[in-house]
Amino acid sequence: MSLTPNNEIEKHLLSRCYDSNSRIVELLESRYSLHGDQKPTILFKNITNNEPKKRTSLLNQDSTDDGISKQRKLTTRLEVKKFISSTLINQRKLIKKIQHYNRNKTSSSSALNVDKLLQKYKIPNFDDFITMNELWQKYMQDLIFQNGQKLQPLSAILPRLSSADFNGCLITVLQSRNTSVVGIRGIVIWDSQHSFTIVVPKDQDSKEWNEDKSNFTPSELIGGLKVVPKKHTIFGFEVIDPSDEESYIGFTIVGSRFEFRSVDRAGKKFKNHSIDDIL
11 MSLTPNNEIE KHLLSRCYDS NSRIVELLES RYSLHGDQKP TILFKNITNN EPKKRTSLLN
71 QDSTDDGISK QRKLTTRLEV KKFISSTLIN QRKLIKKIQH YNRNKTSSSS ALNVDKLLQK
131 YKIPNFDDFI TMNELWQKYM QDLIFQNGQK LQPLSAILPR LSSADFNGCL ITVLQSRNTS
191 VVGIRGIVIW DSQHSFTIVV PKDQDSKEWN EDKSNFTPSE LIGGLKVVPK KHTIFGFEVI
251 DPSDEESYIG FTIVGSRFEF RSVDRAGKKF KNHSIDDIL
């Protein structure tokens with residue numbers, strides 16, 4: 011095959027990838043052949059640049075997030091929201107079922123097997139999240155204790171707490187305008203901008219003052235998930251002292267001043283100002 015002005019440009023491009031002139035001619039002949047294995051495109055070799063890249067400081071590096079990682083993050087977030095939404099729907103169905111049983115039960119009625127219903131409706135069990143709280147305790151101890159033993163000054167602790175991640179924290183509702191949530195305690199599984207989604211225990215452990223209680227509401231019987239708004243609510247939590255596991259250090263969260271996502275709080279600097287509208 012003789013090269014024509016029409017394929018001189020292609021030959022020049024191929025010469026950047028192939029050293030053998032015969033190989034170049036072979037590729038061009040295959041591309042323009044009228045018979046046999048005719049290819050409408052030319053594949054160029056992937057030539058990598060072996061020159062070492064200049065190292066840049068962390069401050070000047072570009073973000074490495076790509077479409078795949080963003081999609082993965084979005085998918086995870088949507089799956090968590092879907093899990094919370096479906097669980098709350100199932101809890102409402104189960105509560106209605108228990109209420110219907112209580113209204114219509116007689117002396118000869120068989121006892122309601124709540125544990126079996128919890129499995130059927132896939133209601134989360136508080137005990138399954140205790141390990142998550144143990145991991146959070148270790149994370150918080152590393153955050154506020156110097157060398158794992160000595161408590162750091164409050165001036166150093168408070169900014170760290172304000173930007174900390176509270177997923178896994180065992181919190182208690184101390185005060186709220188919504189009196190029905192006061193006393194609820196559970197492990198945070200989703201720290202959103204305006205609320206804490208927590209998994210709570212059932213029966214006696216559902217609220218602080220339920221230890222001596224014998225009759226429980228349907229909601230207290232099943233436990234599961236609770237969505238507690240941050241606004242007009244004060245939360246409390248405790249961190250175990252690593253030097254003495256019987257000792258705890260208590261902290262309070264003013265929910266109305268905490269209406270930020272955990273990822274947004276990490277870069278936010280909280281300022282002291284009036285908090286007249288706590289509740």
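In this note's numbering, the protein residues as written are 11 to 289.
The C-beta atom is built at its ideal place from N, Cα and C for all residues, glycine as well.
Since this is a predicted model, take the numbers as computed values, not measurements.
Non-local beta-carbon contacts of F206 in its own chain, meaning distances under 6 Å to residues more than five positions away in sequence, involve V198 and V238 in chain order. Here F247 is near L180, since their CB atoms are less than 8 Å apart.
Looking from the CA of R275, the closest CA among R33, S117 and D201 belongs to D201. Listed in chain order, the non-local C-beta contacts of Y111 below 6 Å within the same chain comprise L122, local neighbours out to five positions each way being set aside. Excluding the 5 residues flanking it on each side, I34 has same chain C-beta neighbours closer than 7 Å at K21, L24, S25 and Y28, in chain order.
With contact defined as three or more Cβ pairs closer than 8 Å, the region 93-110 and the region 135-148 are not in contact. Across the set S266, G234, E255 and K240, the C-alpha of G234 shows the shortest separation from the C-alpha of S95.
A residue is called buried when at least 16 other Cβ atoms come within 10 angstroms of its Cβ; P211 meets this threshold and is buried. Runs of the beta strand (DSSP E) lying entirely within the region 211-255, each at least 3 residues long, are 234-239 and 243-251 in chain order.
Between I244 and I263, the C-beta gap is smaller than 8 Å, which places the two residues in contact.
Residue environment analysis places P169 among the exposed positions, since fewer than 16 neighbouring C-beta atoms fall within 10 angstroms of its C-beta. Of the other Cβ atoms in all chains shown, fewer than 16 fall within 10 Å of the Cβ of S120; this residue is therefore exposed. CA-CA distance, E230 to D215, rounds to 9 Å. DSSP places Q129 in no beta strand (DSSP E) but in the uninterrupted alpha helix (DSSP H) bounded by V124 to K130. In the DSSP assignment, L168 is bridged to no other residue. Boundaries of the alpha helix (DSSP H) harbouring Q151: I140 to I154, taken from the DSSP string. Annotation for I181: the continuous beta strand (DSSP E) segment containing it runs L180 to S186.
Counting along the chain, the unbroken beta strand (DSSP E) around I199 starts and ends at R195 to D201. A straight-line Cα-Cα distance of about 39 Å links S165 and Q81.
The beta carbon of M142 sits closer than 7 Å to those of G178 and I197, all from its chain and outside the five residues before and after it, given in chain order. Excluding its 5 nearest sequence neighbours in each direction, Q156 has C-beta neighbours in its own chain below 6 Å: Q162, listed in chain order.
Around the beta carbon of K130, fewer than 16 other beta carbons sit within 10 angstroms, so the residue counts as exposed.
Contact annotation, I133 with I232: C-beta distance approximately 6 Å; criterion of less than 8 Å satisfied. For the 8 Å CB-CB criterion, Q159 and S253 form a contact. A residue is called buried once 16 or more other Cβ atoms fall within 10 Å of its Cβ, and R87, having fewer, is exposed. Within the same chain, no residue comes within 8 Å of I19 by CB-CB distance, once the 5 residues on both sides are set aside. Distance from S117 to F176 at the Cβ level is roughly 47 Å; contact not present, criterion being Cβ atoms closer than 8 Å.
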